[in-house]
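The numbers in my numbering rise by one with no breaks, and the one at position 380 of the sequence shown is 636.
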Amino acid sequence: MTLQEQYQHLEDTIRAYNPGANFEQIRAAFDFAEAAHAGQLRKDGSPFVTHPLAVAQILAEELHLDSESISAALLHDTIEDTAATHEDIARQFSPTIADLVEGVSKLTRVHYTSKAEEQMENLRKMLMAMAKDIRVILIKISDRLHNMRTMEYQTPEKQKQKSYETMEIYAPIAHRLGMQKMKWELEDLSLKYLDPVGYREITEALEAKAAEYEGFMAAIQDQISGRLTDAGIDGVVYGRLKHPYSIYRKMYTQNKSLTDVFDLIAFRVIVDTLADCYNVLGIIHDLYHPILGRFKDYIGTPKPNMYQSLHTTVVGQNGIPFEVQIRTREMHEVAEYGIAAHWKYKQNGQGAGDEKNYEWVRRLLENQEGADAEDFIHSLKVDMFADEVFVFTPMGDVINLPAGATPIDFAYTIHSAVGNHMVAAKVNGRIVQFDYKLQNGDVVEVETSKSAHGPSRDWIKIAQSSNARSKIRQWFKKERREENIINGKASFDAEIRRCGITVKELTNEENLPLVLKKLSYNCLDDMYAAIGYGGVTALKLVGRLREEINHVLQQHQNAPAQPEQTEQAKPSAQPRRVHGEQGIIVEGLDNCLVKFAKCCTPVPGDEVVGFITRGYGVSVHRADCPNAAPERRRSEEDGRWIKVSWAEKTNPSYQTTLEVLAKDRPELMVDISTVISSTKTQFRGLNARITAEGAVLVTMDVSVADTEQLQAVVRRLTQISGVMQVNRPAG
Ligand code: MN
C-alpha cells in the first residue's frame with residue numbers, strides 16, 4: 257500500500273462508523289504530520305509518518321474514536337520530535353487537539369527506571385493522573401501497541417525494556433479501562449520478547465492444535481447455533497483459541513505444563529438481551545457436561561472495569577473441555593473496547609442508564625453529569641487521582657503525595673532526617689524554591705547537609721502533607737528541648753556549686769529519687785528543660801532542696817579528709833564493688849545471672865536499669881530504653897525493676913547495635929567498614945537494605961569496650977559522606 261492508500265484506508269474505516277467525521281481536519285492533520293516528519297525514517301526504513309498514521313488507524317479500527325482523537329493521533333509525535341509547537345497546533349487545528357498532543361508528549365517523556373513491583377501501581381496512577389483527558393491515554397496505548405507491533409526492528413535491550421513496561425504498565429491500564437482486545441495484544445507482543453522460548457512453545461502448540469481442533473470447533477459451533485435457532489434465540493456463536501499470554505500465565509501460576517492446561521478453546525455466544533444470556537446458559541449446560549465450580553456470573557456481579565459476561569466451562573462429547581462466554585452485544589462492545597465503547601453509547605444517546613453500577617466510571621464521569629453528548633466527549637477527564645501528585649526520586653521510584661505538595665513534603669516523605677537536613681531542592685535538575693508546587697512526573701532531588709540549621713518555621717505553612725507538618729513540629733519541640741536541657745543544666749550546675757556541692761553528689765543513686773520527688777519531675781532532663789525554657793529558675797529549685805543539700809554537706813564532713821576532690825575519688829553513698837557478673841553490679845544480689853537486653857544493647861558508661869526476669873536472671877536495659885520507661889512498666893512488675901550499675905572492672909568488650917541511615921552510593925560500605933576497623937572495633941553482624949525511599953539503612957552489631965569508644969565510632973560514622981543519621985536503636 258502506498259502512503260496515500262493507507263490514508264484512504266483510514267478514512268474508509270472512520271466513515272464506516274462515523275460518516276459525519278471532520279475529514280477536512282483529519283486530512284489536514286495528516287498533511288501537517290507528513291510535512292513535519294519529512295525526512296525522518298522509522299527503524300524499518302519507512303517514512304516516519306507511517307507510524308502516526310498506523311496509530312490513528314488503531315484508534316479508528318479498535319476504538320472507533322472521534323475526529324479530534326484521530327487528528328491528535330496523526331499529530332502525536334510532532335511536538336516531541338519536530339519543530340512544531342503547541343501554539344502551531346492550537347492555531348491550525350484546535351486548542352483541544354493541541355492539548356491532546358501535548359498530553360501524549362508528556363507521557364512519552366516519563367522514563368521508568370524502577371523495576372520494583374510495588375512501584376508499578378504508582379506508575380500506572382501517575383500516567384492516568386498526568387493524562388487529564390482519557391483520550392490521551394487511549395492515544396498513548398495505541399501508540400505503544402503500534403510500537404510493540406513493530407518492535408522487531410529495535411535492539412534486543414530496547415525490546416526487553418519496552419516489553420516489560422508494556423506488560424507492567426500499559427496492559428494493566430488497558431485492562432482497567434476495559435479494553436480487553438488491546439490488552440491481549442499488548443500482553444502477547446510483550447511475552448514474545450520477554451520469554452521468546454515460552455512464547456514460541458505456546459504459539460507453535462496452538463498452531464498445531466488449531467488444525468486438530470478445527471473440525472471440533474466447527475461442530476460445536478453448529479450444535480450451539482442449532483439449539484439457539486430451535487429456541488428462537490437470535491445469537492452469534494464463534495470459537496477461538498485462547499491467546500498465548502493467558503495460557504502462559506496459567507502454566508506459570510498453576511505450575512502446569514502446556515498439555516495440562518485445561519481449556520485452550522473458548523466460545524462466545526453473543527445475544528440480544530440479558531434474559532437470553534441465562535437462556536443460553538441453560539442450553540449449554542443441557543448440551544454439555546458442566547465442570548463444577550467453573551461457572552462465573554459477571555453479569556450479576558460485573559468486574560470493576562465494567563466487564564460483564566457469563567462464564568462456564570463444559571466438556572464436549574469427545575472429552576475436550578472448553579469455555580463458553582455468554583453476553584449481550586452491548587456487554588461485548590464494553591468488553592472489547594472498554595471505556596471507548598462506553599462513551600460511544602453516550603454519544604449515540606443509548607445505553608446511558610447503567611453506569612451507576614460502575615463505581616470507577618461514575619467517579620470518572622462525576623463532573624460530566626448533565627452535560628450533553630458532545631460536551632461529554634470534549635471534557636472526559638481522568639479525575640480519579642485529582643487530589644494526588646506523583647513524582648520520581650532520582651532513583652526512579654514514584655512517590656505519591658497530596659496535590660499541591662512541595663519539595664518539603666517530598667523530603668519528609670523520604671525520611672525526617674532528609675527533611676531536617678534539607679538545604680536545597682532540585683526539580684528536573686533545576687534548583688527550585690521550597691514552595692514550588694510539584695507536578696506529576698517531576699524528578700525531585702533533595703540536597704542535604706549535616707550543617708543544615710534544620711527546618712524553618714514557615715515550612716509548616718508551606719508543607720501540604722500532615723506528615724511533613726507534624727515532623728517539622730516534632731523537630732522544633734525536640735530541638736528546643738535539647739537546647740533547653742543544656743541551658744537549664746548549666747544554670748542548675750552553677751547554682752549548686754555555689755552551695756559547695758556538685759550536681760553529681762546531689763543526684764547520685766541515693767539522692768536522685770528524693771530530689772525528683774520533692775521537685776515533682778520525672779527525670780533530671782525534664783527539670784533541666786523546665787529551667788532552660790524559663791518555666792522555673794534554678795535558684796528557686798535549689799532553694800527547695802535545702803534539706804538534701806545539707807545532707808550532702810553532712811556527708812562531706814563525715815568523710816575522711818581528701819586532698820583534692822576529683823570527680824572519681826568522691827565519696828558516694830555506697831562503696832563501689834570492683835567485680836560483678838559481666839561487669840554489672842546488681843544491688844542487693846550477688847552472683848546472679850546477668851544478660852544484656854537485645855532491644856537496647858547497653859555498654860559500660862550507659863545509665864542502666866535491671867529487670868528480674870522469670871528464670872533468666874537479671875536483664876540489663878539502658879535507662880533510656882523505651883522498654884524500661886517508667887510509664888511502660890506494669891504495676892505488678894514494680895518490684896522487679898532494680899538498680900544496677902557498672903562495676904569498676906568491666907569486660908573487654910560488649911556487643912551493641914548501631915543503625916546508619918545514608919544516601920545510597922558506591923563504596924558506602926567500604927567507608928563504613930574502614931571506620932569500624934580504624935576505631936579498633938569489630939563487626940559482629942551486618943545487614944543493609946534499601947528503604948522504600950531509596951536510602952540505605954545499615955544495621956550493624958559491633959563490639960566496643962564502653963560508651964567512649966562507641967561515641968568515637970558514631971562520630972566517625974557521621975563524618976562519612978552521605979551518612980544522614982547514626983542511631984543506637986532501642987525498644
Ligand atoms: Mn509515537
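Using N, Cα and C, we set each Cβ at its ideal position, and we do this for glycine too.
Quick caveat: nothing in here was measured; it's all calculated off a predicted structure.
For residue i, which of helix, strand or coil comes out of DSSP?
{"i": "Lys-936", "result": "coil"}
{"i": "Phe-989", "result": "This structure cannot speak to residue 989, because the chain is shown only from 257 to 987."}
{"i": "Arg-524", "result": "strand"}
{"i": "Cys-725", "result": "Here the sequence assigns Arg to residue 725, which means Cys is not the residue at that position. DSSP places Arg-725 in helix when its eight states are reduced to three."}
{"i": "Phe-852", "result": "strand"}
{"i": "Pro-558", "result": "coil"}
{"i": "Tyr-494", "result": "strand"}
{"i": "Gln-981", "result": "strand"}
{"i": "Phe-690", "result": "coil"}
{"i": "Ile-576", "result": "coil"}
{"i": "Thr-334", "result": "helix"}
{"i": "Thr-306", "result": "helix"}
{"i": "Pro-452", "result": "helix"}
{"i": "Asp-653", "result": "coil"}
{"i": "Lys-600", "result": "Here Lys-600 scores only 46 on pLDDT, less than 50, and its place in the model should not be relied on; the value that follows carries that caveat. If DSSP states are grouped into helix, strand and coil, Lys-600 belongs with the helices."}
{"i": "Phe-551", "result": "coil"}
{"i": "Ile-976", "result": "coil"}
{"i": "Gly-866", "result": "strand"}
{"i": "Asp-519", "result": "coil"}
{"i": "Pro-858", "result": "coil"}
{"i": "Leu-953", "result": "strand"}
{"i": "Met-435", "result": "coil"}
{"i": "Tyr-841", "result": "Checking the displayed sequence, the identity of residue 841 turns out to be Ile instead of Tyr. Strand."}
{"i": "Asp-714", "result": "coil"}
{"i": "Asn-696", "result": "coil"}
{"i": "Asn-511", "result": "coil"}
{"i": "Ala-918", "result": "strand"}
{"i": "Pro-275", "result": "coil"}
{"i": "Arg-890", "result": "coil"}
{"i": "Thr-947", "result": "coil"}
{"i": "Gln-417", "result": "helix"}
{"i": "Val-536", "result": "helix"}
{"i": "Asp-478", "result": "helix"}
{"i": "Leu-484", "result": "helix"}
{"i": "Arg-391", "result": "helix"}
Quick check on this structure: which residue in the options has the alpha carbon closest to the alpha carbon of residue i?
{"i": "Arg-432", "options": "Val-570, Val-453 and Ile-397", "result": "Ile-397"}
{"i": "Ala-497", "options": "Asn-743, Lys-465 and Asn-814", "result": "Contrary to the premise, residue 497 reads as Leu rather than Ala in this sequence. When each option's Cα is compared against that of Leu-497, the closest is Lys-465."}
{"i": "Tyr-554", "options": "Val-571, Leu-548 and Tyr-534", "result": "Tyr-534"}
{"i": "Thr-422", "options": "Ser-446, Tyr-593 and Tyr-409", "result": "Ser-446"}
{"i": "Ala-289", "options": "His-332, Ile-840, Asn-767 and Thr-557", "result": "His-332"}
{"i": "Val-683", "options": "Glu-703, Ser-672, Gly-675 and Val-674", "result": "Glu-703"}
{"i": "Arg-737", "options": "Ile-752, Lys-693 and Met-783", "result": "Met-783"}
Using 10 angstroms around the beta-carbon of residue i, count the other beta-carbons present and answer buried if the total reaches 16, otherwise exposed.
{"i": "Ser-513", "result": "exposed"}
{"i": "Cys-779", "result": "exposed"}
{"i": "Glu-761", "result": "buried"}
{"i": "Thr-669", "result": "buried"}
{"i": "Phe-666", "result": "buried"}
{"i": "Glu-392", "result": "It should be noted that the sequence gives Val, not Glu, for residue 392. Burial call: buried."}
{"i": "Asn-806", "result": "exposed"}
{"i": "Lys-745", "result": "buried"}
{"i": "Lys-774", "result": "exposed"}
{"i": "Arg-713", "result": "exposed"}
{"i": "Arg-802", "result": "exposed"}
{"i": "Ile-742", "result": "exposed"}
{"i": "Lys-899", "result": "exposed"}
{"i": "Met-257", "result": "exposed"}
{"i": "Pro-500", "result": "buried"}
{"i": "Arg-400", "result": "buried"}
{"i": "Ala-272", "result": "exposed"}
{"i": "Val-926", "result": "exposed"}
Tell me residue i's beta-bridge partners as DSSP assigns them.
{"i": "Ser-959", "result": "Gln-911 and Gln-938"}
{"i": "Glu-267", "result": "DSSP output for Glu-267 lists no bridge partner at all."}
{"i": "Glu-644", "result": "Pro-658"}
{"i": "Ser-875", "result": "Lys-851 and Phe-867"}
At a cut-off of 7 Å, would you count residue i as near ligand 2, judging by its Cβ distance to the nearest heavy atom?
{"i": "Ala-329", "result": "Because ligand 2 does not appear in the structure shown, any question about it cannot be addressed here, the ligands present being ligand 1."}
Problem - Distance cut 5 Å, beta-carbon to ligand 1 heavy atom: residue list by chain order - result: Asp-333 and Asp-399
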